[in-house]
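Engineer:
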Amino acid sequence: MSSGVVRWFRERMLDDRGAIGNIEVIPFGLLIFVAGTLLITNAWAVVDTRMAVSSASREAIRAYVESSNPASAGANARRAAETAIAGHGRDPLRLRVDIQADGFSRCDPVTIRAGYTVPTLHLPWVGGYGDAFDVSSSQTELIDPYRSGLAGDAQC
189 MSSGVVRWFR ERMLDDRGAI GNIEVIPFGL LIFVAGTLLI TNAWAVVDTR
239 MAVSSASREA IRAYVESSNP ASAGANARRA AETAIAGHGR DPLRLRVDIQ
289 ADGFSRCDPV TIRAGYTVPT LHLPWVGGYG DAFDVSSSQT ELIDPYRSGL
339 AGDAQC
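Under our numbering, the first residue of the sequence shown carries the number 189, and numbering increases by one thereafter.
What follows is the structure, encoded as structure tokens:
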């Protein structure tokens, strides 16, 4: 290389005149990191709540169809759903349980829908703010046709 090219290279590429320190990138990178972390945390809260609500509806339907009489079946189902949702670390008071049953005899279908509202912003160990996502799950089952204690014959 000639000395003119070397001098030009040193002046243009190795000199820091006119350059900025790029310190302004750090706040934007931190902002993107925090926003991404909050997004992933909220997405996981929805997935975790979906598993909890599914478990609650499953336990509620089992408690309902295994109850001995229709008077206690609804209370047993709600108690089982609240116990299941509390076992997943969620607030049982925010759980909605809807029971649809035509009757309480052999082979009658029963549907239980459980719902839970996930906060807009969910921070671990702090809690959540706002109500953004409604997570629900439903389970349908027949009352056991072979169980004892129920009147009538199985028609299913």
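For every residue, glycine included, the Cβ atom is placed at its ideal position computed from N, Cα and C. Computed from a predicted model, the values in this text were never measured in an experiment.
1. Just how far apart, CA to CA, sit E270 and P280?
2. Which parts of the segment 278-337 are runs of the beta strand (DSSP E), unbroken and 3 residues or longer, counting only runs that do not cross its ends?
3. What separation, rounded to the nearest whole angstrom, lies between the Cα atoms of Y304 and D322?
4. If we count the other Cβ atoms within 10 Å of its Cβ and call it buried at 16 or more, is N264 buried or exposed?
5. What is the DSSP secondary structure of S181, counted as helix, strand or coil?
6. In three-state terms, what does DSSP make of G275?
7. Among S324, H276, L338, which one has its Cα closest to the Cα of F348?
8. Do you know offhand how far Y334's Cα is from R282's?
9. Let me make sure I understand the geometry here. Which of D332, V306, E329 has the alpha-carbon closest to that of A231?
Structural biologist: Judging by the given coordinates:
1. Computed Cα separation, rounded: 5 Å.
2. Restricting attention to beta strand (DSSP E) runs no shorter than 3 residues, the segment 278-337 encloses them at 284-289, 297-306, 309-311, 315-317, 321-330, ordered along the chain.
3. Distance between the alpha carbons of Y304 and D322 is about 6 Å.
4. It is buried - the Cβ of N264 has at least 16 other Cβ atoms within 10 Å.
5. Nothing about residue 181 can be read from this structure; the chain reaches only from 189 to 344.
6. The DSSP-derived three-state label of G275 is helix.
7. Residue 348 lies beyond the residue range present for the chain, which begins at 189 and ends at 344; the question has no answer from this structure.
8. Distance between the alpha carbons of Y334 and R282 is about 36 Å.
9. Of the residues D332, V306, E329, the one whose Cα lies closest to the Cα of A231 is V306.
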